[in-house]
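So the sequences go chain by chain: A and B. Quick note on numbering: the UniProt record's numbering labels position 380 of the first sequence as 380, and the sequence is numbered without any gaps. Quick note on numbering: the UniProt record's numbering labels position 174 of the second sequence as 174, and the sequence is numbered without any gaps. Glycine residues also receive a C-beta, built at the ideal position from the N, C-alpha and C atoms. Here's the structure, in C-alpha cells; my notes come after.
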Amino acid sequence: MSGGAAGAPKPLPSSGPKSLREMPHPLATSSSEEMGPALTPSPDLLLPRSIADKDLSLPNGTPVDTSSPASSSSLLNRLQLDDDLDGETRDLFVTVDDPKKHVCTMETYITYRVTTKTTRAEFDLPEYSVRRRYQDFDWLRNKLEESQPTHLIPPLPEKFVVKGVVDRFSEEFVETRRKALDKFLKRITDHPVLSFNEHFNVFLTAKDLNAYKKQGMALLSKMGESVKYVTGGYKLRSRPLEFAAIGEYLDTFSLKLGTIDRIAQRIIKEQLEYLVELREYGPVYSTWGALEVELSEPLEGLSACIGNCCTALEELSEDMTEDFLPVLREYILYSESMKNVLKKRDQVQAEYEAKLEAVALKKEDRPKVPTDVEKCQDRVECFNADLKADMERWQNNKRQDFRQLLMGMADKNIQYYEKCLTAWESIIPLLQDKPETK
Amino acid sequence: MESAEAEPSDSRPEEDGAAPRSGLPPPEQPVATMEDCLAKKMEITVSEAEKRTGRNAMNMQETYTAYLIETRAVESQSEGQCAPVDSLWRRYSEFELLRNYLSVTYPHIVVPPLPEKRADFVWHKLSADNMDPDFVERRRIGLENFLLRVASHPVLCQDKIFYSFLTQEGGWKEMVNETGFQLKADSRLKALNATFRVKNPDKRFTELKHYSDELQSVISHLLRVRARVADRLYGVYKVHGNYGRVFSEWSAIEKEMGDGLQSAGHHMDVYAASIDDILEEEEHYADQLKEYLFYAEALRAVCRKHELMQYDLEMAAQDLTSKKQQCEELATGTVRTFSLKGMTSKLFGQETPEQREAKIKVLEEQIQEGEEQLKSKNLEGRDFVKSAWADIERFKEQKNHDLKEALISYAVMQISMCKKGIQVWTNAKECFSKM
Chain A
1 MSGGAAGAPK PLPSSGPKSL REMPHPLATS SSEEMGPALT PSPDLLLPRS IADKDLSLPN
61 GTPVDTSSPA SSSSLLNRLQ LDDDLDGETR DLFVTVDDPK KHVCTMETYI TYRVTTKTTR
121 AEFDLPEYSV RRRYQDFDWL RNKLEESQPT HLIPPLPEKF VVKGVVDRFS EEFVETRRKA
181 LDKFLKRITD HPVLSFNEHF NVFLTAKDLN AYKKQGMALL SKMGESVKYV TGGYKLRSRP
241 LEFAAIGEYL DTFSLKLGTI DRIAQRIIKE QLEYLVELRE YGPVYSTWGA LEVELSEPLE
301 GLSACIGNCC TALEELSEDM TEDFLPVLRE YILYSESMKN VLKKRDQVQA EYEAKLEAVA
361 LKKEDRPKVP TDVEKCQDRV ECFNADLKAD MERWQNNKRQ DFRQLLMGMA DKNIQYYEKC
421 LTAWESIIPL LQDKPETK
Chain B
1 MESAEAEPSD SRPEEDGAAP RSGLPPPEQP VATMEDCLAK KMEITVSEAE KRTGRNAMNM
61 QETYTAYLIE TRAVESQSEG QCAPVDSLWR RYSEFELLRN YLSVTYPHIV VPPLPEKRAD
121 FVWHKLSADN MDPDFVERRR IGLENFLLRV ASHPVLCQDK IFYSFLTQEG GWKEMVNETG
181 FQLKADSRLK ALNATFRVKN PDKRFTELKH YSDELQSVIS HLLRVRARVA DRLYGVYKVH
241 GNYGRVFSEW SAIEKEMGDG LQSAGHHMDV YAASIDDILE EEEHYADQLK EYLFYAEALR
301 AVCRKHELMQ YDLEMAAQDL TSKKQQCEEL ATGTVRTFSL KGMTSKLFGQ ETPEQREAKI
361 KVLEEQIQEG EEQLKSKNLE GRDFVKSAWA DIERFKEQKN HDLKEALISY AVMQISMCKK
421 GIQVWTNAKE CFSKM
C-alpha cells in the first residue's frame, strides 16, 4: 500500500463545522495512463491526510487533475470495481435504531439513533452516535440532490402521513419508518461517491445539526456548482438511445410495481375479511362441543385449532403490510426521482447542444472550441458517466432487493402454512381418540 | 327383540300381515342383526341421474330429475359369477313418499333423512339451482346414502314397501297408498297441542328434544359461517392469480430477473387455480354435517310422538277418572264436583230411578272400556319408550362415529391444503432465488 502525503499532520478532532474544502471528485481525473486497472480506489487505504489539503485526490491518495475532460470508460471501470464491496473491504458502517418519542411544548416527534463505525480518514473519530429526526433525513436528502445532481439519490419513506388514518406513533409505523431510514443511509454508505459527501459526513457526526444547517454553508463540489442549473430554457431534441431506454424502462417498471402494490393490498384486504369469518367459525365448534359428550373434546380441539390458524393469518397480514408494501413504495419513489435525474441530464445536454449550435452559427474561423462549450461538453460526459454507473449499480441492487423481498414474501406464506399444518396435524390424534383409552 | 333366522339371499323378508297399530311396532316385527341387514345381502347404488320432462298431476309440463337405482344380490365369492343387476328409475318425490311412509309406520325409529330438496347454505360460487349438475350429483350421492342407511337399519331394512321401492318399478305408489299410512299420520296441530299440554313426559325425551333443537341450531350456524369462510378463501386465492400476469409483464423488461419472475408467476397461477378442487372437497364435509342437521329433525319427530302418546294417555286417564266420578255421584246422589248436568238436573228436576240406572249402566260400560283402553295405552306407551330408546342409543353411537369420521376427514383436507400451499410457495421461492 503506497502512502499518500507522508508526514502530513494528523487531523485534529473537531466538533464544529468543517472548513471549506474541495471534494475529491473521482471523475475529475487526468489521463488514464496514470492509473492502471490494478489501481483500485480501495477505501480501506486509510492514510492520514491533511484536512487543509487543497489538492484534489482520489480516496487512495492519487493526485488528480481537473482540467481536462473526463475519460469515461476507465472511470466507469474504476467505479464498477467499487460495486462489490463485501464486508471485508467496507470501512463505513451506519445503523439506524432505537426510536424514541420526544414530547415538547410545541410538538411531539420521534428521533432515531444513528450509529457510525468507520476507519475512514474523513471522520475524526472511529465511532459516532447521534440522534436524528425525520426532517434531518429530509434535509440530508435535499442537500445530496443539490450537491450531487448527477447521481441517483435513494428515496426516503413518505413524508406526509394522513393524520387520523395512520398513527404516527404506533410501534408498527415507527418500526417501518426506521427500517426505511436505515436502508436509506445504507444505500448512501454503499455509494462510492455519495458516501464521501460532506453533508453526509456532518449528518453522521455533528452533535448539533441545526446549527450546521443554519450556517447554510454551500459546500458544493466543483461539479455540483457547475451543474447547478438554469430553470430550463433549453429543449432537448432527442434523448440518446441508451437514456431513452432507461426512461422507458423506469416507466414500465414503476407501472408494474404500482400494479403489484395494488394486488398485494387487495390480498391483505381479502385475508382480513377471511379472518373475520374464521373468527366466528372457530367458536361455533366450541358451542357444539358443549352440547355433546363423546364429541366434546374433538370439537373443542377443532375450535382451538382454527383459533391457531387465525393467529397465523394475522401474523402473515401484518408482515406483508409492514415489510412488503413499504419496499414496493420505496422503489416507486426511487423510480420517480431517477426519472427527474434523467430530465436534468437532458437539460445539460440541451444546453451543450444549444451552445454548440450558437457557435456553429457564428461561423467564425474555428481557432479552438470555446471553453464555455468545452465545459458544457465536460458536464454532459460526466453526467452521462455518473448516471450510467449509478444505473448499473442500481439495477444490481434492485435485483438483490427484489430477490430478497419476494423470497421473503414466499417465506412468510410458507411459514403461515407450516403453522396451520402443525395445528391440524396435532388434532388428528385427538379426533381419533377412543373414549375407552382415556 | 328376537332376530329372525338368517335367510338365504334370494328370499324376501317376512310378510307383515296385519298393519301395525298406531305407535306400536308390529308384534312379530322381525329385527335383523347387523349381518342380516339388507345392506349386506344386496348391493344398492344410485348410479345415474337424468333430466326428464313429463306431465304432472295438473297436466302441466314439468322438468324433473330421475335417479337410477341399481340393485344386485351379493353372491358368495366362490361362485365366480356376478348376479345380474336390477335397476329402476325413481324421482325425488317418490323418495319423499317412501320416507313419509317409514316415518308414520315406524314412529319409534329415528328415520334417516333425505338430502335437501333445494340447495341451501350455498356460497357464491355454487349454484342454488336444482338443475345444476353439481347439485344433482351431490343429491345423487345423498339419495344413495339414504337408501344405504335404511338398508342397514335392523328394523327398517325388513320393510316390504322399502324392498319394493328398490325392486318393483310399476305400481309401487299404489302399493304404498294402499297401506293407508296417511290416515295414521298424526296431525301437526294435534302434536303441537300435545307438546304444550303434556304433564309428565319421560324426562329423557324432554332432554333429547332440547338436545335436537340445540343441535339443529348449532349445525345451521356452522354451515352458514362455513359457506362465508369458503367464499372469502376463494377470494384470497383468486387474487393471487393477478400476480401471474403482472410478473409475466414485468419479466419482459428485465434481463437477469426475467426468468425467475416468469416462472414464479406460473406458480401463482397454479396456486389460484388450486382453490376450486379444495372447496369442492369441502362440500362433502358440509353434506355430512347437513345429514345430521336433518337427522335432528328425525329425533324431534320421535320425541313428538312420545309426547303425543303420553298426552293421549293422560287424557284417557283423566277421562276415566271423571267418568268414574260421575258414576259415583249418580250412584250415591251426591254431587262432589260441579257439573253442568248436575246443575241442570237440579234445576229441571231429578231423573227417575230408571233413567239413573240406565245412565249408570252406560257409564259402567264406558268405564270398563276405558280401563281396558288405558291399560293398552299404558302398554303401548311403555313399549314405545323402550323400543324408541333402543333405537336412539343406536343412533347416538352412529352419530358419534360418523361425525368423528367427518371431522377427521375435514382435518385431513385442511392438512392437504396446507401442504399444497407450502409446495407452491416453496416452488415460487426457488424461482425468486434464481432472480
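query	result
Do we get a CB-CB distance below 8 angstroms when we pair residue 426/B with the residues of chain A?	yes
Report the neighbours of residue 266/A on chain B: residues whose CB is nearer than 7 angstroms to its CB, in chain order.	239
Assuming the contact rule is C-beta atoms closer than 8 angstroms, residue 407/A and residue 433/B should be a hit. Round their C-beta distance to whole Å, please.	6 angstroms
Would you report the Cα separation of residue 100/B and residue 423/A, rounded to the nearest angstrom?	44 angstroms
When you compare the CB positions of residue 300/B and residue 416/B, do they come within less than 8 angstroms of one another, or not?	no
So the alpha helix (DSSP H) residue 106/B belongs to, where does it begin and stop?	Unbroken run through residue 106/B: none, as it is neither H nor E.
Just how far apart, CA to CA, sit residue 189/A and residue 373/A?	35 angstroms
Tell me, to the nearest whole angstrom, how far the beta carbon of residue 296/B is from that of residue 216/B; I am working on the premise that it is less than 8 angstroms.	4 angstroms
Suppose you measure from the CA of residue 357/A to the CA of residue 376/A; what does that come to, to the nearest Å?	12 angstroms
Could you confirm whether any beta carbon from chain B is found closer than 8 angstroms to the beta carbon of residue 297/A?	no
Just to confirm, are residue 333/A and residue 264/A a CB contact at a threshold of 8 angstroms?	no
With burial defined as no fewer than 16 other Cβ atoms inside 10 Å of the residue's Cβ, what is the status of residue 427/A: buried or exposed?	buried
Are the CB atoms of residue 71/B and residue 49/B within a distance shorter than 8 angstroms?	no
So residue 418/B contacts chain A; which residues on that side make the cut at Cβ distance below 8 angstroms?	417, 418, 420, 421, 424
Please report the straight-line C-alpha distance between residue 172/A and residue 96/A, rounded to a whole angstrom.	16 angstroms
If you measure between the beta carbons of residue 289/B and residue 219/B, is that distance less than 8 angstroms?	yes
Using a Cβ distance threshold of 8 angstroms, determine whether the segment 417-432 of chain B contacts the segment 312-322 of chain B, with at least three qualifying pairs required.	no
Please report how far the alpha carbon of residue 314/A lies from the alpha carbon of residue 277/A, in whole angstroms.	13 angstroms
Between 133/A, 303/A, 271/A, 187/A, which lies nearest to residue 397/A when the distance is taken from Cα to Cα?	187/A
When burial is assigned at 16 or more other CB atoms within 10 Å of the CB, is residue 429/B buried or exposed?	buried
What does residue 92/A pair with, by DSSP beta-bridge criteria?	118/A
Note down the Cα distance separating residue 273/B from residue 200/A, rounded to an integer number of angstroms.	51 angstroms
How many angstroms separate the CA atom of residue 257/A from the CA atom of residue 154/A?	17 angstroms
Note down, in chain order, each residue of its chain lying with its Cβ closer than 6 angstroms to the Cβ of residue 348/A, except the 5 sequence neighbours on either side.	379, 380, 383
How many whole angstroms separate the CB atoms of residue 360/B and residue 331/B, which I take to be in contact at a CB cut-off of 8 angstroms?	6 angstroms
So for residue 234/A, helix, strand or coil by DSSP?	coil
Using Cβ-Cβ distances below 7 angstroms, what residues of the segment 220-245 of chain B are close to chain A?	221, 222, 225, 226, 228, 229, 232, 233, 235, 236, 239, 240, 242, 243
Are residue 131/A and residue 113/A closer than 8 angstroms when you measure CB to CB?	yes
So residue 265/B is in the beta strand (DSSP E); what residue range does that whole segment cover?	It is not in any beta strand (DSSP E) - residue 265/B instead sits in the alpha helix (DSSP H) that spans 258-332.
From this set, 165/B, 327/B, 402/B, which residue's C-alpha is nearest residue 143/B's C-alpha?	165/B
Taking the beta strand (DSSP E) that residue 63/B falls in, what are its first and last residues?	61-73
Using beta carbons (cut-off 8 angstroms, strictly below), is residue 325/B in contact with chain A?	no
Could you give the DSSP three-state label for residue 123/B: helix, strand or coil?	coil
Check whether the Cβ atoms of residue 149/B and residue 112/B lie closer than 8 angstroms to each other.	yes
For residue 48/B, which three-state DSSP category applies?	strand
Taking Cβ positions only, does residue 411/A come closer than 8 angstroms to chain B?	yes
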